[in-house]
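In the working numbering, the protein residues as written are 53 to 295. Data block below; observations after.
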Ligand code: GLP
């Protein structure tokens with residue numbers, strides 16, 4: 053595990069964008085695993101800026117997003133598909149048929165999850181996986197539980213996650229209760245895993261996940277075992293890490 057300290061959100065975003073950009077330069081047909089949430093917005097903005105300057109070419113890149121709300125079709129304003137279009141895909145030269153997000157409109161859980169695992173296999177797995185972390189230690193939507201769930205699966209979101217994601221919806225009732233998420237196996241098999249985190253509110257979960265035991269009760273903790281895991285945090289988020 054490599055921990056990189058960033059001065060602030062902007063610095064964290066630039067450092068993450070640098071690593072992603074290096075990946076794409078080294079391997080123009082790279083498979084990038086991507087995340088939603090507030091944290092990666094600055095990273096995407098930085099990548100877009102460099103793309104517009106002519107520094108990064110996404111024409112050969114494939115993207116596999118971590119998760120999607122079950123029941124939200126692509127066109128829905130709160131879908132992760134839409135989020136990714138607005139913050140990233142619309143502004144770069146990625147091919148539409150190289151973009152993958154779990155199909156939230158498919159209510160058949162088994163089929164939707166199997167289909168996504170097949171896609172991950174077909175593209176040959178993930179070269180670099182970008183992650184944020186939820187307040188309860190979730191990655192993607194892998195929520196705390198008794199076991200690590202390996203494949204893509206349907207989750208019922210925890211109260212804490214519904215609470216945290218409320219800010220993107222009009223009210224609590226509008227937050228979908230279920231989501232499809234990539235499982236722990238595809239994340240752990242990624243060549244490189246890059247987690248970004250900022251803010252004092254994340255300091256405690258970062259300490260529990262990365263300075264404590266590996267347990268499915270804190271899903272992110274398994275990343276301690278990944279051979280190429282990079283954590284970039286701002287001062288506040290890393291304030292409880294004793295280093
Ligand atoms: C959501 C996403 C996660 C993300 C988390 C944290 O639950 N499914 O992938 O890491 O939110 O979001 P934020 O970065 O806004 O704190």
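We put the beta carbon where it would ideally sit given N, CA and C, even for glycine. Quick caveat, the model's predicted, so the values are computed rather than measured.
Query: What first and last residue would you give for the alpha helix (DSSP H) that runs through residue 169?; Result: 161–174
Query: Give the residues whose C-beta lies closer than 6 Å to at least one heavy atom of the ligand GLP, in chain order.; Result: 87, 88, 89, 90, 91, 118, 119, 184, 185, 186, 192, 193, 213, 217
Query: Quick check on the DSSP output: the beta strand (DSSP E) that includes residue 83 runs from which residue to which?; Result: 83–86
Query: By a C-beta neighbour count over all protein chains shown, 10 Å radius and 16 as the cutoff for buried, is residue 222 buried or exposed?; Result: exposed
Query: Mark residue 142 as exposed unless 16 or more other C-beta atoms lie within 10 angstroms of its C-beta, in which case mark it buried.; Result: exposed
Query: Following the continuous beta strand (DSSP E) through residue 205, name the residue where it begins and the one where it ends.; Result: 205–208
Query: Quick one, are the C-beta atoms of residue 235 and residue 64 less than 8 Å apart?; Result: no
Query: Given residue 237, which residues of its chain have a CB within under 8 Å of its CB, disregarding the five upstream and five downstream residues?; Result: 202, 203
Query: For the beta strand (DSSP E) that contains residue 57, what are its first and last residues?; Result: 54–58
Query: Here's a check: name, in chain order, each residue in its chain whose Cβ is nearer than 7 Å to the Cβ of residue 60, leaving out the five neighbours to either side.; Result: 286
Query: Between the stretch 177–188 and the stretch 242–260, do three or more beta carbon pairs fall short of 8 Å?; Result: yes
Query: I'd like the list of long-range same chain contacts for residue 175, defined as Cβ closer than 6 Å, with 5 residues on each side in sequence excluded.; Result: 83, 114
Query: Can you grab the Cα-Cα spacing for the pair residue 150 / residue 267, in whole Å?; Result: 34 Å
Query: Just the Cα atoms here: how many angstroms apart are residue 130 and residue 195?; Result: 20 Å
Query: Is it the case that the Cβ atoms of residue 68 and residue 95 are separated by a distance below 8 Å?; Result: yes
Query: Just to confirm before moving on: does the CB-CB distance between residue 249 and residue 91 stay below 8 Å?; Result: yes
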